[in-house]
Amino acid sequence: MSLIKGLVSTLYCLPKVYKWFYRPYYLLSLLMTVAFPFVRCCPGLCEHLPSQREDSNSCAFDWREVEILMFLSAIVMMKNRRAITLEQHIGNIFLFSKVANVVLFFRVDLRLGLLYLTLCVVFLITCKPPIYMGPEFIKYFSDSTLDEELQRDCRVTWIVEFYANWSPECQTFAPIFADLSLKYDCLGLKFGKVDIGQYAAAAERFKVNPSPLCKQLPSLLLLQGGRELVRRPLVDTKGRAIGWSFTEENIIRDFNLNEIFQRCKKLSKGEKPEELKTLLQEAPEEEEPHDEDDEEEPESKKDK
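Residue numbers (the UniProt record's numbering): 1 to 304.
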């Protein structure tokens with residue numbers, strides 16, 4: 001049954017996969033992914049490569065190369081367990097295949113390894129993943145326009161994403177956030193984005209650390225009247241993000257989008273402002289993450 005399900009899902013995604021290869025990023029990534037297998041098995045090229053096989057067949061993988069490829073498969077499977085979208089699955093395959101190709105080329109010939117590594121660096125600098133350009137109901141803010149919009153109408157609830165164009169996680173999350181905006185946008189519930197790579201003041205005000213080491217990108221905040229109600233991912237006392245999966249189901253559950261959407265639709269029906277209860281009054285306070293060391297302090301005080 002699982003095999004049939006996987007085959008059906010693959011066939012369903014094939015039209016989308018075909019469209020990817022019209023884009024230079026995916027086409028070049030595919031070529032670089034299969035570079036070593038192509039060189040190792042291509043007649044006219046493989047005869048000039050060294051081999052550790054007992055039969056001295058330089059056009060077939062030796063035992064060490066098979067071991068590296070099997071290890072690559074295990075790493076990709078482990079990473080893809082946490083992948084959300086098909087783009088993430090493909091991206092993990094491309095990334096770790098390039099790393100394996102670097103090792104394999106250096107093992108065969110130092111010059112081939114240096115050439116392939118140089119191509120990888122040039123590819124990384126010149127070719128970026130395509131940015132999501134699909135339909136969305138999202139307003140893009142600067143640090144000043146965000147404050148103005150939040151204070152304009154305290155009845156409107158905003159879900160704002162703090163992102164950076166250089167972050168692969170933000171690029172992967174873009175179509176999910178756009179799809180949520182298409183489903184839940186209404187007069188009282190709006191979606192926005194702030195590029196903290198350009199507007200660092202907004203990141204500083206809402207305490208979003210843009211450092212890759214903190215892993216706070218993307219950060220999703222539920223705001224009303226300039227006040228923060230919900231944030232994902234949460235941040236511990238050391239400023240590190242607590243792991244959280246940016247799936248559509250998690251966002252709908254943790255941000256209570258269905259209930260907020262039903263309440264905010266009342267604004268579009270022309271109800272008076274006083275008849276609409278603000279979420280600030282009903283939103284439960286979230287428990288702040290704390291370290292184990294903090295838990296021991298009350299006990300020590302009691303002992304004293």
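Positions of the beta carbon are idealized from the N, C-alpha and C atoms, including for glycine.
DSSP places Phe141 in the strand class (E or B) of the three-state scheme. Residue pairing for Ala241: DSSP places it in a beta bridge opposite Val235. Here DSSP, grouped into helix, strand and coil, assigns Val156 to coil. One alpha carbon belongs to Lys238, the other to Glu65, and they sit about 42 Å apart. For Cys46, the secondary structure class from DSSP, reduced to helix, strand or coil, is helix. Straight-line measurement puts the Cα of Asp62 at about 43 Å from the Cα of Gln216. Counting along the chain, Ser219 sits inside the beta strand (DSSP E) bounded by residues 219-224. Residue environment analysis places Ile242 among the exposed positions, since fewer than 16 neighbouring C-beta atoms fall within 10 angstroms of its C-beta. Secondary structure note for Val122: its alpha helix (DSSP H) is the uninterrupted segment 110-126.
DSSP places Cys214 in the coil class of the three-state scheme, outside both helix and strand. Excluding its 5 nearest sequence neighbours in each direction, Leu220 has C-beta neighbours in its own chain below 6 Å: Glu161, Arg232, listed in chain order. Secondary structure of Val39 (DSSP, three-state): helix. Distance from Ile176 to Phe246 at the Cβ level is roughly 7 Å; contact confirmed, criterion being Cβ atoms closer than 8 Å. The beta carbons of Gln88 and Pro129 sit about 11 Å from each other, so the pair does not count as a contact at 8 Å. The residue from Arg40, Glu47, Asn101, Lys79 with its alpha-carbon nearest to that of Ile68 is Asn101. In this structure, the beta-carbon distance from Val156 to Gly188 falls below 7 Å. Glu248 carries a helical assignment under DSSP once its states are collapsed to helix, strand and coil.
Cβ neighbours of Cys214 within its own chain (closer than 7 Å, five residues either side excluded): Gly239, Arg240, Ala241. Annotation: Thr145 to Tyr132 spans about 23 Å, alpha carbon to alpha carbon. Sequence-distant Cβ neighbours of Trp244 in its own chain, meaning closer than 6 Å and more than five residues away, are Arg232, Pro233. Secondary-structure assignment with DSSP links Gly192 through a beta bridge to Lys139, Val160. Between Gly225 and Ala178, the C-beta spacing is not below 7 Å. Taking 7 Å as the cut-off, the Cβ atoms of Ser167 and Phe94 do not count as close. Between Phe96 and Ile125, the gap from beta carbon to beta carbon reaches 7 Å or more. Residue pairing from DSSP places Glu228 in a beta bridge opposite Leu223.
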